[in-house]
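Heads up: the sequence lines are chains A, Z and Y, in that order.
Per UniProt numbering, the first sequence starts with residue 1, numbered consecutively.
Per UniProt numbering, the second sequence starts with residue 1, numbered consecutively.
Per UniProt numbering, the third sequence starts with residue 1, numbered consecutively.
All remarks here apply to the structure that follows.
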Amino acid sequence: MYAFDYHRPTSVKEAVGLLTDGAKIVAGGHTLLPTMKQRLAAPESLIDLGRIPDLVGIERTPRSLTIAAMTTHGAVAESAEVKEAIPALAELAALIGDPAVRHRGTIGGSVANNDPAADYPAACLALGATILTNKRKLSSEEFFLGLFETALEEGEIVTGVSFPIPHKAAYEKFRNPASRYALVGVFVAKRPSDIRVAVTGSGSNGVFRWTEAEDALAKRFSPKSLEGMSASPDGLNSDLHADAAYRAHLIGVMARRAVQKAADR
Amino acid sequence: MTATGIGAPVRRKEDQRFITGKGRYVDDINRPGQAHACFLRSPHAHAAIRGIDAAAARAMPGVLAVLTGEDLAADKVGGLICGWMIHSKDGTPMKAGPHPALAQGKVRYVGDHVAVVVAETLNQAKDAVEAITVEYDVLTPVVETARAAGAGTTVHDEAPDNVVFNWHLGNKPEVDAAFGRAAHVVGLDIVNNRLVPNPIEPRAAVGEYDDAEEAFTLYTTSQNPHVARLVLSAFIGIAPENKLRVVAPDVGGGFGSKIFIYAEETVCVWAAKKVGRPVKWTCDRTEAFLCDAHGRDHVTRAEMALDEGGKILGLKVHTIANLGAYLSTFASSVPTYLYAPLLSGQYNIPAIYCEVDGVYTNTAPVDAYRGAGRPEATFVIERIVEVAARQLGQDPARFRRRNYVRSFPHQTPVIMNYDCGDYGASLDKALEIADVKGFPKRRRESARTGKLRGLGYSSYIEACGIAPSQAVGALGAGVGLWESAEVRVNPTGSIEVLTGSHSHGQGHETTFAQLVSDRLGVPIDSVTIVHGDTDKVQFGMGTYGSRSGAVGMSAIAKAIDKVIAKGRKVAAYVLEAGEGDIEFKDGRFGVAGTDRSLAFGEVALQAYVAHKFSGADLEPGLKEGAFYDPTNFTFPAGMHICELEVDPETGHVTIARFTAVDDFGTVINPMIVEGQVHGGIAQGVGQALYEGAVYDADGQLVTASFMDYRMPRAEDFPSFAVGMTVTPCPSNPLGIKGCGEAGAIAAPAAVMNALTDALGHEGIAMPATPLAVWRAAQASRPQPLAAE
Amino acid sequence: MTSVSLTVNGKAVTADVEPRTLLVQFLREGQRLTGTHVGCDTSQCGACVVHLDGEAVKACTTLAVQCDGRTVTTIEGLAAPGGTLHPMQAAFREHHGLQCGYCTPGMIMTAVDLVRRKGHHLDEATIRHELEGNICRCTGYHNIVKAIAAGAEAMAAEPVREAAE
């Protein structure tokens with residue numbers, strides 16, 4: 001690891017003030033620190049959001065669930081409110097990394113990093129979440145722009161994610177056998193207005209919606225509606241663990257299983 | 001059997017320090033004034049070095065030295081060696097290229113050692129490594145095992161076609177004749193996938209030079225510190241053995257990968273004198289992936305000849321073995337003498353012929369990994385036997401039984417003389433434990449949920465305790481393969497046992513003490529096992545090849561016999577009886593037919609005070625040493641049965657049951673032995689389903705961290721069902737055969753036989769990843785729901 | 001250099017560290033608590049697991065400065081002050097849940113955290129699933145799973161010792 005300056009602000013405002021060129025924000029640190037250890041990232045300073053009280057917590061309203069950015073995956077997975085409002089979200093959080101990783105990793109870090117194999121982006125996109133920053137509110141479509149790319153501007157920090165509560169939802173993940181990231185992750189949400197199917201781990205441009213499946217499910221929310229369907233392999237990743245054809249097939253399988261799980265709720 | 005004697009599941013003595021965080025591993029050792037080493041490694045698989053500019057690095061803060069291959073040459077430091085000479089079938093010796101600890105003129109694999117920086121801190125060393133500029137002429141790499149021979153580009157000039165040896169074993173005309181009269185010939189193409197050993201403790205070294213004594217000390221993660229000292233002294237030329245101490249303290253797993261004498265350890269001890277400071281290096285995981293010796297990597301064509309009824313007549317095997325870019329310490333022996341002699345398996349096969357091409361490639365060196373040659377042989381024979389049974393429409397268990405060796409000793413056509421065994425007994429017990437009778441029903445249940453269920457057998461045999469030394473010497477080994485022991489009885493009766501074996505997870509501190517406690521009738525807590533330090537233990541060959549029980553403990557048993565013999569002499573004087581009348585029983589020396597006796601501790605004290613005998617008649621003291629050289633290999637064998645379920649939709653495989661019945665001969669501590677079996681099975685299943693080292697066409701290691709190299713995890717396994725049968729080994733005084741590698745040897749074939757059974761065809765190779773299984777499942781027919 | 005003050009195994013510790021110092025380096029090099037091990041570079045093997053404010057974390061992926069003002073428990077702090085083993089430590093020995101011992105501290109710390117979260121009666125599937133972030137190369141996990149199940153039960157019988165946390 002290269003040397004850096006360390007800052008531990010106690011408010012978002014203070015954090016934003018420290019966010020100069022060459023500075024990086026550390027949330028849970030479970031992506032950034034391994035990268036820095038390999039000397040693949042060399043920030044001049046690290047701004048640790050770990051001591052900002054406003055950035056932790058889960059708030060339930062009748063129609064939404066808002067999770068502050070520094071809330072850990074473990075806290076989301078164990079939260080009674082999350083389990084009650086959007087059980088699929090708690091289940092998704094419980095599938096990230098491992099128990100020790102979940103004690104550090106945060107929802108804000110996950111969405112701000114927009115790793116193409118991360119789990120939360122699929123939930124955001126399928127549930128129609130709003131990404132909250134210190135400056136504005138963005139829809140998930142506006143926020144996730146591509147591989148490790150988001151709409152965050154200079155001096156902008158993710159402060160939370162607000163999820164509208166769906167009728168039903170479920171997440172099915174086929175793990176990369178080695179890394180345990182999503183090789184294919186499919187989040188299915190039956191929302192008051194529509195049905196959404198979001199896919200992570202597969203797209204060469206990050207998380208995306210599988211609109212053919214959404215259309216099929218709009219007719220009937222049942223795995224049978226997706227029988228025999230698989231995603232188009234165009235634009236899907238190919239690597240050691242899965243080629244595009246396999247990913248395309250798994251997207252279909254995971255989508256059917258997610259729909260079944262959601263329908264069973 | 002006493003509570004701590006032979007056969008008792010004694011809880012391990014060493015555990016107290018490990019469970020409280022007090023184990024002392026090499027990276028836990030820090031020496032006063034210690035500096036840190038970081039290696040500059042080749043980013044290219046194959047390149048000529050045109051120049052190294054280290055001026056900027058040398059000027060950086062904290063840098064004590066930047067050393068390259070030129071410095072090694074100037075100091076006349078020798079290269080790393082391969083300690084087993086193999087001759088090709090035309091009689092020529094193997095064509096080994098030089099293996100300098102730091103590259104000289106050329107780099108030959110990604111990770112190859114180009115230079116080392118020694119600096120005050122590790123961060124400073126890393127910074128300086130980044131400041132070294134190397135001018136490379138990048139050359140075309142040779143990567144693929146099957147295409148290495150005559151690839152058109154040469155790894156070492158000494159082997160222009162990249163073939164290190166073309167070796168063979170067996171009788172070709174007899175095999176040809178067997179195939180000529182065969183009713184059936186079964187052929188199989190097999191890839192034995194390349195593995196990375198990955199003990200969880202990465203390698204580490206601290207080298208130190210004592211100016212006053214003019215002596216070196218090397219703390220290193222070694223399975224065999226004495227062999228390391230011998231090689232560093234006699235071949236690499238660091239210092240004479242009496243001026244070099246090698247210490248291997250607690251070592252966090254080895255699995256073969258810590259047998260070898262590597263570049264980093266060599267450089268640390270050499271550099272310590274050059275910079276006048278202790279030099280420490282600790283491997284990170286990616287370095288371990290790049291530079292620890294890998295395992296396996298065979299491409300094989302096997303053919304089996306059978307008569308009309310399914311009796312095996314002959315076996316013909318051709319293997320290409322990837323040896324990597326340099327010949328590691330025992331690389332040449334693994335795909336030759338540790339491989340082909342096991343191809344007879346548990347079967348009576350009248351004629352066997354095996355040909356092996358050992359090839360250089362621009363990949364990490366390949367050497368022994370848990371099982372070393374024997375897993376590769378077992379995979380060949382157990383897969384082809386399974387396929388033969390299927391093609392002949394016979395039950396695979398019955399087919400095996402029919403061809404088992406039944407009378408002992410049994411001379412195979414490939415060197416080995418099996419001394420004992422009862423293969424049918426292991427099969428019977430395994431069939432019962434695995435509830436094979438209930439399998440058809442379970443298969444139907446799986447089919448109802450769209451899953452494919454399969455069952456696979458593996459009747460493995462292996463050879464442990466490689467020896468006698470005379471025999472292995474005749475086959476090309478550069479060392480003897482005996483073991484030494486010294487039993488030091490203290491005046492108060494406590495005992496230190498010095499052994500040349502090394503424990504890095506095997507529990508020697510417990511099992512060896514059990515033997516001593518059992519034989520001398522002393523409490524196990526009064527026995528301390530000393531190992532892993534060349535200043536304490538005079539010499540030893542270390543721990544690998546499941547040899548520590550059969551060879552290492554036999555040496556201790558021999559030394560114990562001498563202690564008892566001496567004790568009788570002492571007791572005879574003290575008890576004023578004839579030596580011939582002294583009996584040793586239950587820890588007491590007594591006069592036969594009387595109630596006069598002395599406790600073991602009393603005799604020890606008498607031996608040291610020497611008040612009851614004259615120095616002219618008997619030497620004082622009670623300390624005896626022994627060297628034990630076995631008379632034969634040992635032959636552990638058994639039957640492993642895997643039952644698994646495939647989800648054809650995703651390619652996910654679930655191991656439903658895994659049964660292992662092993663014959664390890666006499667068992668000292670069943671708890672520890674079962675633990676060895678469990679760990680071996682996990683590695684074997686790992687090879688079959690999960691693990692594979694992959695290089696791309698440029699020779700870059702694609703699987704260079706746990707992010708891409710799939711390690712077995714807890715969730716991958718059911719609890720294992722382990723059973724034992726016992727035929728005591730007649731070739732050593734304790735009847736021990738060895739247990740450390742059985743699981744890794746047996747499991748891959750059991751898993752792949754089960755998987756191909758589930759899939760209904762043979763078209764899948766290891767590692768059978770979800771992607772591979774999904775693809776293969778496309779060609780599977782749904783299993784019939786009807787009774788089989 | 002940045003000053004950090006934290007509680008390690010019940011003792012207050014203050015030290016000046018470079019911000020890039022990982023918790024595991026701080027413990028091993030600074031505090032000479034070498035029971036916490038490093039087995040990988042990618043936060044996967046779990047040999048470095050310690051408790052931070054009572055929760056299992058990977059000390060290789062946590063900066064020492066992030067632990068300022070907090071409480072860290074390592075394997076060395078698990079046994080009672082008199083040396084009496086924690087029930088989970090005892091269970092690992094009793095059930096032969098370790099061989100080379102290198103992954104063991106992380107396994108034990110993970111297991112204790114598992115009991116905190118999931119209770120004392122753990123089925124095999126739960127234990128195996130929860131060990132996702134701990135790799136062992138020696139045991140095939142068989143006896144680790146047995147040890148954790150037994151250790152969890154034994155912890156129910158023991159008065160909870162959370163003082164050190």
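For every residue, glycine included, the Cβ atom is placed at its ideal position computed from N, Cα and C.
Is the beta carbon of residue i sitting closer than 8 Å to the one on residue j?
i	j	result
Ile433/Z	Val673/Z	no
Arg70/Y	Asn198/Z	no
Phe187/A	Thr650/Z	no
Val677/Z	Val773/Z	no
Val751/Z	His504/Z	no
Ala177/Z	Asn162/Z	no
Leu18/A	Ile47/A	yes
Glu514/Z	Gly5/Z	At residue 514/Z the sequence reads Gln, which differs from the Glu that was named. Cβ distance < 8 Å, so Gln514/Z and Gly5/Z count as in contact.
Leu169/Z	Cys354/Z	yes
Gly540/Z	Cys291/Z	no
Val516/Z	Val497/Z	yes
Phe658/Z	Ala721/Z	yes
Pro177/A	His241/A	yes
Judging by CA-CA distance, which residue of the options is the nearest neighbour of residue i?
i	options	result
Ser202/A	Phe163/A, Ala189/A, Ala245/A and Ala3/A	Ala245/A
Met639/Z	Gly723/Z, Ala577/Z, Val685/Z and Leu755/Z	Gly723/Z
Leu98/Y	His36/Z, Arg31/Z and Arg11/Z	Arg11/Z
Thr35/A	Gly10/Y, Val24/Y, Glu55/Y and Thr61/Y	Thr61/Y
Pro43/Z	Val702/Z, Asn732/Z, Thr769/Z and Ile745/Z	Val702/Z
Ala626/Z	Val574/Z, Gly686/Z and Lys562/Z	Lys562/Z
Glu14/A	Leu92/A, Leu49/A and Val158/A	Leu49/A
Val12/A	Gly235/A, Val111/A and Ile157/A	Ile157/A
From the DSSP output, in three-state form, read off residue i for me.
i	result
Gln411/Z	strand
Ala787/Z	Because Ala787/Z carries a pLDDT of 38, less than 50, the predicted location of this residue cannot be relied on, and no value is offered for it.
Trp270/Z	helix
Pro53/A	helix
Glu154/A	coil
Asp698/Z	coil
His168/Z	strand
Leu40/Z	strand
Arg116/Y	helix
Ala248/A	helix
Given this structure, state the Cα-to-Cα distance separating residue i from residue j, to the nearest angstrom.
i	j	result
Leu232/Z	Glu483/Z	20 Å
Cys100/Y	Trp84/Z	29 Å
residue 826/Z	Glu212/A	Residue numbering for chain Z in the displayed model covers 1 to 788; residue 826/Z lies beyond these limits and cannot be assessed.
Lys585/Z	Phe600/Z	10 Å
Ala45/Z	Arg108/Z	6 Å
Ala779/Z	Gly450/Z	15 Å
Val359/Z	Trp167/Z	11 Å
Gly692/Z	Leu195/Z	5 Å
Thr300/Z	Gly256/Z	23 Å
Ala101/Z	His156/Z	16 Å
Leu89/A	Pro728/Z	58 Å
Lys13/Z	Gly493/Z	19 Å
Whole runs of the beta strand (DSSP E) within the segment 234-288 of chain Z, excluding any shorter than 3 residues: Assignment of beta strand (DSSP E) within the segment 234-288 of chain Z, counting only whole runs of 3 or more residues, yields 244-247 and 279-282 in chain order.
Alpha helix (DSSP H) segments (min. 4 residues) lying fully within the segment 412-459 of chain Z: 423-433 and 439-448
Only counting runs of 3 or more residues, tell me where the beta strand (DSSP E) segments fall wholly within the segment 552-637 of chain Z, in order along the chain. 582-585, 588-591, 597-599 and 623-628
Can you give, in chain order, each stretch of the beta strand (DSSP E) that sits fully within the segment 159-241 of chain A and has at least 3 residues? 168-175, 182-190 and 195-200
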